[in-house]
Amino acid sequence: MKKNEIKNKVRQQDAQVLAQGYSPAIRAMEIASIVTFVSLELALVYRLWGNPHTGTWLLLSALLLGYLAADFVSGFVHWMGDTWGSTEMPLLGKAFIRPFREHHVDEKAITRHDFVETNGNNCLISIPVAIMAVAMPLSSPGWVFCSSFLGSMIFWVMATNQFHKWSHMDTPPALVGFLQRVHLILPPAHHGIHHTAPYNKYYCITVGWLNWPLQAVHFFPLAERLVTRLTGLLPRQDDIGDEAARALVEVQGATEAPVVQAAKELITKATEETPAPVSTRPSA
Ligand SMILES: [Zn+2]
Ligand SMILES: [Zn+2]
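If you're matching positions, the sequence shown starts at 223 in the working numbering and goes up one per residue.
In structure tokens form, the structure reads like this:
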């Protein structure tokens with residue numbers, strides 16, 4: 223089955239209906255989440271400030287590792303939202319799944335969302351981690367590192383939807399455009415790869431650095447196979463429709479991970495290039 227044939231089978235939900243699912247109750251929850259999240263992050267900065275174990279290199283490495291971890295988390299959460307569940311599910315459906323479905327049928331909608339709608343969800347999911355980071359004892363460099371790493375990770379998780387929103391804007395602010403061009407935040411062309419039906423790759427949306435390595439080892443297709451084996455669920459059924467989802471499972475099942483393909487090619491090349499042993503015995 224060709225990729226184009228899957229594209230033709232894709233059946234998505236109505237953009238307007240999806241957009242109407244954003245209720246005042248969900249908005250109130252998002253505002254509360256943002257306030258709680260920012261308060262916890264400020265409390266963490268206050269605790270780290272002046273702590274004898276806090277050093278520049280420790281903070282810089284926590285900041286960078288936190289950025290990488292956020293990129294992975296953004297990919298994992300995005301993959302979960304895109305691939306599993308349905309907008310009909312109680313509670314989760316309207317608050318969490320709906321924005322993922324809406325984003326595939328109307329990718330510009332995010333550019334019309336205000337600060338609360340853009341960032342509320344990510345603040346909400348980060349609150350338990352923020353509580354953990356604030357509650358750590360900070361009595362040794364190890365604790366300080368763990369706490370600042372978690373604080374950094376959720377800071378970047380919170381920034382993720384903002385970076386994602388900018389990647390969909392036709393004319394982002396000049397500084398943002400520069401950061402996108404040097405690939406320090408998610409570049410539009412890079413993210414465009416995810417927005418091609420059937421939406422099954424390049425899930426990382428903080429900066430996207432992890433997209434290539436995860437794609438190379440087929441991280442998400444393998445995870446999907448595992449979930450299907452354990453639960454019997456069909457990936458992306460709610461997003462692209464039953465027929466396309468089934469067709470995609472078939473295609474992905476028959477494709478090998480790029481690293482496996484490259485390894486096989488190397489082995490074949492190596493065996494072909496080994497010269498045949500030359501016989502030293504004089505022929506009769
Ligand atoms: Zn998506
Ligand atoms: Zn997007």
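Idealized CB from N, CA, C, for every residue including glycine.
Would you say the beta carbon of Phe298 comes nearer than 7 Å to a heavy atom of ligand 1? Position 76 of the sequence shown, counting from 1, holds the residue named residue 298. Not so, every heavy atom of ligand 1 lies at least 7 Å from the Cβ.
What did DSSP end up calling Val429 once you bin it into helix, strand or coil? As a working note, residue 429 is residue 207 in the sequence shown. Of the three classes helix, strand and coil, the one that applies to Val429 here is coil, per DSSP.
Beta-carbon proximity check, Gly273 vs Val356, cutoff 8 Å: Walking along the sequence shown from the start, residue 273 turns up at place 51. Walking along the sequence shown from the start, residue 356 turns up at place 134. For the record, residue 273 in the displayed sequence is Asn; it is not Gly. Not a contact, by the Cβ cut-off of 8 Å.
Determine the burial state of Ala476: buried for a count of at least 16 other Cβ atoms within 10 Å of its Cβ, exposed for fewer. Counting from one through the sequence shown, the residue named residue 476 turns up at place 254. Ala476 is exposed by the Cβ-count criterion.
Using C-beta distances below 7 Å, list every residue in its chain close to Met380, excluding the 5 sequence neighbours before and after it, in chain order. As a position in the sequence shown, residue 380 is number 158, starting the count at 1. So the qualifying residues of the chain are Phe259, Asn341, Asn344, Cys345 and Ser348.
Assess, as a yes-or-no matter, whether the segment 366 to 375 is touched by the segment 275 to 288 under the definition of 3 or more beta carbon pairs within less than 8 Å. yes
Is any heavy atom in ligand 1 found nearer than 7 Å to the beta carbon of Tyr179? The requested residue 179 is not part of the displayed model; the chain covers only 223 to 506.
I'd like the span of the alpha helix (DSSP H) that includes Tyr289, first residue to last. Your numbering for residue 289 matches position 67 in the sequence shown. Residues Thr278 to Thr305.
Cβ of His326 versus every heavy atom of ligand 1: is any distance shorter than 7 Å? As a first step, residue 326 must be located in the sequence shown, where it is residue number 104. Yes.
Between Lys316, Val257, Thr493 and Tyr289, which lies nearest to Pro246 when the distance is taken from Cα to Cα? If you number the sequence shown from 1, residue 246 lands on position 24. Looking at the Cα atoms, Lys316 is the closest of the given residues.
For Glu329, the three-state DSSP class (helix, strand or coil): Here residue 329 corresponds to residue number 107 of the sequence shown, with the count starting at 1. In the structure shown, Glu329 sits in coil (DSSP, three-state: anything other than H, G, I, E or B).
Beta-carbon separation (whole angstroms), Ala237 vs Glu324, contact threshold 8 Å: The sequence position of residue 237 within the sequence shown is 15, counting from 1. The sequence position of residue 324 within the sequence shown is 102, counting from 1. The Cβ separation is near 7 Å, so the contact holds.
Measuring only from the beta carbon, is His412 closer than 7 Å to any heavy atom that is part of ligand 1? For the purposes of this step, residue 412 is identified with residue 190 of the sequence shown, where counting begins at 1. No, since every heavy atom of ligand 1 falls outside the 7 Å radius drawn around the Cβ of His412.
Between Leu401 and Pro410, what straight-line distance do the alpha-carbon atoms span, to the nearest angstrom? Mapped onto the sequence shown, residue 401 falls at position 179. Mapped onto the sequence shown, residue 410 falls at position 188. Their backbone Cα atoms lie some 11 Å apart in a straight line.
Name the two residues that bound the continuous alpha helix (DSSP H) containing Lys491. Translated into the one-based positions of the sequence shown, residue 491 becomes position 269. First-last of the alpha helix (DSSP H) with Lys491: Pro480 to Glu495.
Inter-residue spacing [alpha-carbon to alpha-carbon] between His300 and Glu494: What you label residue 300 is simply residue 78 of the sequence shown in a count that begins at 1. What you label residue 494 is simply residue 272 of the sequence shown in a count that begins at 1. Those two C-alpha atoms are separated by around 43 Å.
Does the beta-carbon distance from Tyr268 to Thr428 come in below 8 Å? Numbered from 1 along the sequence shown, position 46 holds the residue referred to as residue 268. Numbered from 1 along the sequence shown, position 206 holds the residue referred to as residue 428. Not closer than 8 Å, so no.
Verify the contact flag: Phe322, CB atom, against every heavy atom of ligand 1, threshold strictly below 7 Å. To locate residue 322, count along the sequence shown from 1; it is residue 100. Yes - ligand 1 has a heavy atom lying nearer than 7 Å to the Cβ of Phe322.
Assuming Leu285 and Ser374 are in contact, meaning their beta carbons sit under 8 Å apart, how far apart are those beta carbons, in whole angstroms? Reading the sequence shown from its first residue, position 63 is the one you call residue 285. Reading the sequence shown from its first residue, position 152 is the one you call residue 374. 5 Å between Cβ atoms; contact.
At which residue ranges does the segment 386 to 436 contain complete alpha helix (DSSP H) runs of 4 or more residues, listed in the order of the chain? 396 to 403 and 410 to 414
Simplified DSSP state of Ala506, which is helix, strand or coil: Taking the sequence shown and counting its residues from 1, the one referred to as residue 506 is at position 284. Low per-residue confidence applies at Ala506: pLDDT is 48, beneath 50, and the placement is therefore not dependable, though the value from the model is reported in the following sentence. Three-state DSSP puts Ala506 in coil, outside helix and strand.
Using DSSP with H/G/I as helix, E/B as strand and the rest coil, what is Pro359? As a first step, residue 359 is located in the sequence shown; it is residue number 137 there, counting from the start. Note: Pro359 maps to coil in three-state DSSP.
By Cβ distance below 8 Å, which residues in the same chain neighbour Ala445 in space, the five residues on each side in sequence not counted? On the sequence shown, position 223 is the one that residue 445 refers to. Correct list, in chain order: Trp301.
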